[in-house]
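The structure under discussion appears below in the form of structure tokens.
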Amino acid sequence: MAYYRRLGDVPPKRHTQHRDDAGQLYYEELMGEEGFSSDSSLLYHRGIPSAISDATVWAVPDQSTTPNHPLRPRHLKLHTLFPEQTWADTDVVTGRRLLLANADVRISYVVAGATSPLYRNAIGDEVVYVESGAARVETVFGVLEARQGDYVLIPTSTTHRWVPQGEQPLRAYSIESGSHIAPPKRYLSKFGQFLENAPYCERDLHGPDEVLLAEGTDVEVLVKHRTSHGIVGTRMVYPQHPFDVVGWDGCLYPYTFNIADYEPITGRVHQPPPVHQTFEGNGFVVCNFLPRKVDYHPLAIPVPYYHSNVDSDEVMFYCGGDYAARKGSGIDLGSVSVHPGGHAHGPQPGGMERSIGIEQVEETAVMVDTFVPLELGEGALACEDADYAWSWARSAPR
Numbered sequence: 001m002a003y004y005r006r007l008g009d010v011p012p013k014r015h016t017q018h019r020d021d022a023g024q025l026y027y028e029e030l031m032g033e034e035g036f037s038s039d040s041s042l043l044y045h046r047g048i049p050s051a052i053s054d055a056t057v058w059a060v061p062d063q064s065t066t067p068n069h070p071l072r073p074r075h076l077k078l079h080t081l082f083p084e085q086t087w088a089d090t091d092v093v094t095g096r097r098l099l100l101a102n103a104d105v106r107i108s109y110v111v112a113g114a115t116s117p118l119y120r121n122a123i124g125d126e127v128v129y130v131e132s133g134a135a136r137v138e139t140v141f142g143v144l145e146a147r148q149g150d151y152v153l154i155p156t157s158t159t160h161r162w163v164p165q166g167e168q169p170l171r172a173y174s175i176e177s178g179s180h181i182a183p184p185k186r187y188l189s190k191f192g193q194f195l196e197n198a199p200y201c202e203r204d205l206h207g208p209d210e211v212l213l214a215e216g217t218d219v220e221v222l223v224k225h226r227t228s229h230g231i232v233g234t235r236m237v238y239p240q241h242p243f244d245v246v247g248w249d250g251c252l253y254p255y256t257f258n259i260a261d262y263e264p265i266t267g268r269v270h271q272p273p274p275v276h277q278t279f280e281g282n283g284f285v286v287c288n289f290l291p292r293k294v295d296y297h298p299l300a301i302p303v304p305y306y307h308s309n310v311d312s313d314e315v316m317f318y319c320g321g322d323y324a325a326r327k328g329s330g331i332d333l334g335s336v337s338v339h340p341g342g343h344a345h346g347p348q349p350g351g352m353e354r355s356i357g358i359e360q361v362e363e364t365a366v367m368v369d370t371f372v373p374l375e376l377g378e379g380a381l382a383c384e385d386a387d388y389a390w391s392w393a394r395s396a397p398r
């Protein structure tokens, strides 16, 4: 995303001497994607960013998966995963429970009231959707303030931690990529500016406003990474706190984008899901569905038509309002539906007829479509509504 920002103290020209008031050199770090061929930022540290004093094994949360076999649609009831008595001691990093995964993306959920350890995902970018609650997200680039409805995008290898704010726990829906996550290319000019037909723009993206300097020695950072044996973790110890950046500039940094700032695209007849797209990664897309005016052709049917996503699995997280097309299925706030490739899905029986004549829908949902089949994590197996697959047949007309 070529949207330049500059914070703190940086020299007039890159890769040149930059000294503090005592004449000591700051340590310049290039943080860049795709080697030296894509977006990057330059960070200026008080200490050497590669200096570590220890590295030991960190046991990451359970990453095991089970194939969706026999093939069937699934309904996951996320609000049953975390009993209230666990909230105070659960954090956003170590408390995540894996729902769905393939080689391209991993989807998790957590309800957290505790401050997380310092954390760095060295596998890919993360975008975390805040279902409810609020958090201060402290990063090597500075601080983000996250609130309900925010997507929090954290570039890969960004050291950060989550600090829940307020009396309510933080409910977070995490989408971890095996690559990078960015706005869809069709929204951007060849130089990276948002085009006029994009449903959001640079003004809606909120990066850090000031650098964050912290003191400390022997500071632990949990690092998630890959080996030939799969996803693993390492606990690195830094002799100096990694939040020692006095300034940075570039086009790579964490930011928030609130779902309410997305401008829905509507039409005379029902629009396909790509008009609701928000982000893309290798092998998957992220879309959101929001309160909006609906189809205005005189014979329009405002709910989705039945569809077979022959090349993808569709994952829908229902996080606000009233999803009219799913009445009678058991779907409610906090639900996730998983509609796999190879299975046609759509509104519940009676949903099409009930929708005729409505002028607006009141719904909020986050959708992930993947192009490699998803497998079920331990969190999904723990909160599945086993009757969902038969919900269309139960009340289907004869």
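Each residue of the sequence shown is one higher than the last, beginning at 1 in full-length UniProt numbering. For glycine and all other residues, C-beta sits at the position ideal for the given N, C-alpha and C.
| Item | Value |
| --- | --- |
| Residues near residue 157 in its chain [Cβ-Cβ closer than 6 Å; skip 5 each side] | 120, 122 |
| Own chain residues within Cβ distance below 8 Å of residue 306, not counting five before or after | 344, 345, 346, 347 |
| Residue 280, buried or exposed, once every other Cβ within 10 Å from all chains shown has been counted against 16 | buried |
| Cβ pair residue 151, residue 173 closer than 7 Å | no |
| Cβ shell of residue 32 (< 8 Å), same chain only, five flanking positions each side left out | 38, 39, 40, 41, 252 |
| The alpha helix (DSSP H) enclosing residue 202, as first and last residue numbers | That residue, residue 202, is in no alpha helix (DSSP H); it is neither H nor E in DSSP. |
| Residue 75 (DSSP reduced to helix, strand or coil) | strand |
| Sequence-distant residues of its chain with Cβ nearer than 8 Å to residue 55 (five each side left out) | 234, 235, 236, 237 |
| Identified DSSP bridge partners for residue 287 | 277, 367 |
| Residue(s) in a DSSP beta bridge with residue 231 | 226 |
| Ordered list of beta strand (DSSP E) runs contained in the stretch 97-146, each at least 3 residues | 97-101, 105-112, 118-121, 126-132, 134-139, 142-146 |
| As assigned by DSSP and simplified to three states, the class of residue 54 | strand |
| Contact check, residue 140 vs residue 304, beta carbons under 7 Å | no |
| Simplified DSSP state of residue 323, which is helix, strand or coil | coil |
| Cα-Cα separation between residue 342 and residue 310, rounded to whole angstroms | 6 Å |
| Contact belief for residue 262 with residue 200 at Cβ below 8 Å, rounded distance in angstroms | 5 Å |
| Cβ pair count under 8 Å reaching 3, the stretch 263-276 against the stretch 75-83 | no |
| Buried versus exposed, by CB contacts within 10 Å (16 or more), residue 106 | buried |
| The stretch 280-294 touching the stretch 366-373, judged by at least three CB pairs closer than 8 Å | yes |
| Straight-line gap, residue 89 to residue 112 (C-alpha atoms, nearest Å) | 7 Å |
| Sequence-distant residues of its chain with Cβ nearer than 8 Å to residue 312 (five each side left out) | 341, 369, 370, 371 |
| Bridge partner(s) assigned by DSSP for residue 257 | 151, 205 |
| Contact set for residue 63: own chain, Cβ-Cβ below 8 Å, skip 5 residues either direction | 98, 101, 106, 230, 231, 377 |
| Beta-carbon spacing of residue 276, residue 289 below 7 Å | yes |
| For residue 293, the three-state DSSP class (helix, strand or coil) | strand |
| Buried or exposed by the 16-neighbour rule on C-beta atoms within 10 Å, applied to residue 95 | buried |
| Neighbour-count burial assignment, residue 390, 16 or more Cβ in a 10 Å radius | exposed |
| Beta strand (DSSP E) segment containing residue 5, residue limits | 5-8 |
| Minimum C-alpha distance to residue 294 - residue among 331, 257, 320, 356 | 356 |
| Under 7 Å between C-beta atoms of residue 248 and residue 7 | yes |
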